[in-house]
Every structure is written in C-alpha cells, then in structure tokens.
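Undergrad: I am attaching a structure below and will ask some questions about it afterwards.
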Amino acid sequence: DDMQRELNLPSEGAGVVQLIRNTADATVTGLEIDGTFSLTDNLLLLASVGVIDAEYDEVREDLNGDGNIDGLDKDLNLPRAADLTYSIGFVHDLDIGEWGYLSSRINYAYRDESAYTDSNLGFILNQAILDAGLDFYSNSGNWVFSLYGRNLLDEVKHGGDTQLPDVIGPVPTGGTFSPLSKGRVYGVEVTYTFEGL
C-alpha cells in the first residue's frame with residue numbers, strides 16, 4: 584500500500600525531473616527458487632528461476648502523463664518487474680596434481696523485458712547473457728590465472744531508458760537517455776596473493 588515511486592518526467596528546463604510520490608497500491612506476488620546441485624565430485628549445477636505477477640490495485644497519480652488519473656494508469660506495467668528470470672550454469676574443477684587445479688565455469692541468464700519508467704514510455708529490453716571462464720589455481724594458493732568471456736552473445740544491455748524533452752534550453756534533444764553496458768568482453772587476469780597479508 585502507498586507505494587513510493589520516483590516519477591521521471593521530461594523537463595525543458597532541467598532535462599529530467601524526478602518527483603517522489605506515493606503513487607499507488609499494488610499487489611506483487613512471485614516465486615523464486617535457486618539451488619546448487621552436486622552432479623559429481625567435481626561438477627556443480629547452479630540454477631534459478633523467478634516469476635512475478637505485479638499489478639496496480641489503485642492509482643493516485645497521473646503515471647502516463649496524459650493529465651488524467653484513470654484506468655489507463657492502472658493498466659500500466661509496474662516498472663522493473665520482469666515477469667520471468669532464470670539462469671543455469673555449471674562449474675567444473677579438475678585436479679592437475681602438484682600444479683594445482685583448473686576451474687571452468689559457464690553461465691546463461693535470461694530476464695524478460697520490463698518497464699523502466701512508471702509511464703511505461705521507457706523499457707529495459709529482455710536480456711540473454713552468456714558468461715564463461717577458466718581459472719588456474721596454483722597449489723601454493725598464491726597464483727590465479729584467469730581467462731574469461733562476458734556477454735558472449737553480445738546482447739545489447741542498457742541500464743535505463745529515461746525520456747528526454749524535445750529541447751533543453753536552446754538545444755534540441757528528444758529521444759531517450761539509455762546508457763549502454765559493455766558488449767562482448769574477453770579478458771585475462773592474473774592474481775598473486777602475498778604470504779601473511
């Protein structure tokens with residue numbers, strides 16, 4: 584009840600104005616299950632699933648900016664409430680004797696599209712992210728050599744989708760502010776841990 588929200592509104596004078604209001608009553612129900620399962624002595628399965636059903640019960644603010652508080656506002660999606668999320672991954676450890684051990688991992692994670700703003704003019708796209716890595720751990724415990732790949736499917740990821748006004752002062756803008764996350768990334772990392780620290 585009395586859900587407090589930040590309403591992001593385009594403003595010609597300021598770019599974006601955020602108003603904090605108690606906008607609505609809503610019912611959010613969901614289920615999340617996650618677990619780690621040992622498939623063998625050296626192979627783990629990591630899995631999760633989450634489902635959400637979120638809807639407004641009563642709306643007290645003009646969420647869509649049309650000047651009215653009515654059924655159109657109540658029919659909007661609650662922001663940042665993806666209906667479905669899930670992930671599955673594996674971690675495998677391989678003993679390589681006096682050298683140490685290798686740990687390999689792969690993980691796939693999915694998230695449905697969800698509204699970013701209360702007005703539902705901004706959305707965060709659905710995302711399917713695949714990450715993988717291989718780590719060598721020395722027997723001494725001092726060295727870790729890592730190879731990794733992140734966002735291997737090169738999915739477009741953005742952290743928000745805020746509407747901008749048509750102009751800010753004398754500067755034409757329009758569109759949205761949607762900062763992008765990095766695309767596909769490959770990397771190498773070396774870590775050394777000093778004794779006694």
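In this note's numbering, the protein residues as written are 584 to 780.
We put the beta carbon where it would ideally sit given N, CA and C, even for glycine.
From a predicted model like this one, the values you see are computed outputs, not experimental measurements.
In whole angstroms, give me the CA-to-CA distance for Val768 and Thr668.
TA: Cα to Cα, Val768 sits roughly 23 Å from Thr668.
Undergrad: With a threshold of 16 other CB atoms inside 10 Å of the CB of Val642, please say whether the residue is buried or exposed.
TA: Result: buried.
Undergrad: Along the alpha helix (DSSP H) that carries Asp656, what are the first and last residues, could you check?
TA: From DSSP, the alpha helix (DSSP H) with Asp656 extends over Gly654 to Lys657.
Undergrad: Can you tell me where the beta strand (DSSP E) with Asn605 in it begins and where it stops?
TA: From DSSP, the beta strand (DSSP E) with Asn605 extends over Gly598 to Thr623.
Undergrad: With three or more beta-carbon pairs closer than 8 Å as the criterion, would you say the stretch 643-658 touches the stretch 618-625?
TA: Taking 8 Å as the limit for Cβ pairs, the verdict is that the stretch 618-625 does not touch the stretch 643-658.
Undergrad: Measure from the alpha carbon of Phe777 to the alpha carbon of each residue in Tyr720, Asn725 and Ala637, then state which is nearest.
TA: Answer by Cα proximity: Asn725.
Undergrad: Out of curiosity, what's the CA-to-CA distance linking Ser594 and Leu747?
TA: In a straight line, the C-alpha of Ser594 is about 7 Å away from that of Leu747.
Undergrad: Taking 8 Å as the limit between beta carbons, can you name the residues of its chain near Met586, skipping five residues before and five after?
TA: Hits under 8 Å: Asn605, Thr606, Ala607, Asp608 and Ala609.
Undergrad: Mark Pro755 as exposed unless 16 or more other C-beta atoms lie within 10 angstroms of its C-beta, in which case mark it buried.
TA: By the 10 Å Cβ count, Pro755 comes out exposed.
Undergrad: Return the chain-ordered ranges of every beta strand (DSSP E) run that is complete within the stretch 637-680 and spans a minimum of 3 residues.
TA: List check, beta strand (DSSP E) in window: 667-678.
Undergrad: Would you kindly work out how many angstroms separate the C-alpha atoms of Tyr684 and His675, rounded to a whole number?
TA: Their Cα atoms are separated by approximately 10 Å.
Undergrad: Along the chain, where does the beta strand (DSSP E) that runs through Trp682 open and close?
TA: It is not in any beta strand (DSSP E) - Trp682 carries neither H nor E in the DSSP assignment.
Undergrad: With a CB to CB cut of under 7 Å and the five nearest residues on each side skipped, what residues in its chain are close to Asp737?
TA: Answer for Asp737: Gly766 and Arg767, listed in chain order.
Undergrad: Please return the same chain residues whose Cβ sits closer than 6 Å to the Cβ of Arg663, not counting the five positions on each side in sequence.
TA: So the qualifying residues of the chain are Ser697.
Undergrad: What number of angstroms, rounded off, separates the C-alpha of Gly650 from the C-alpha of Glu644?
TA: Rounded to the nearest angstrom, the two C-alpha atoms are 10 Å apart.
Undergrad: For Asn660, which residues of its own chain have a beta-carbon under 6 Å away from its beta-carbon, when the five flanking residues on both sides are left out?
TA: The residues are Ala698 and Asn703.
Undergrad: Which partner residues of Tyr731 appear in the DSSP bridge assignment?
TA: Beta-bridge pairing links Tyr731 to Gly716 and Gly770.
Undergrad: Sorted by chain position, which residues of the same chain lie with C-beta nearer than 6 Å to Ser546's C-beta, five sequence neighbours on each side aside?
TA: Outside the displayed range of the chain (584 to 780) lies residue 546, so it cannot be described from this structure.
Undergrad: Label Asn722 either buried or exposed according to how many other C-beta atoms from any shown protein chain fall within 10 Å of its C-beta, with 16 as the threshold for buried.
TA: With fewer than 16 Cβ atoms within 10 Å of its Cβ, Asn722 is classed as exposed.
Undergrad: Among the candidates Glu772, Val773, Thr774 and Gly758, whose CA atom is the shortest distance from the CA of Val599?
TA: The shortest Cα separation from Val599 among Glu772, Val773, Thr774 and Gly758 belongs to Gly758.
Undergrad: Using 8 Å for Cβ pairs, my map puts Ile707 next to Asn734. What's the rounded Cβ distance?
TA: Not confirmed; about 15 Å, so no contact.
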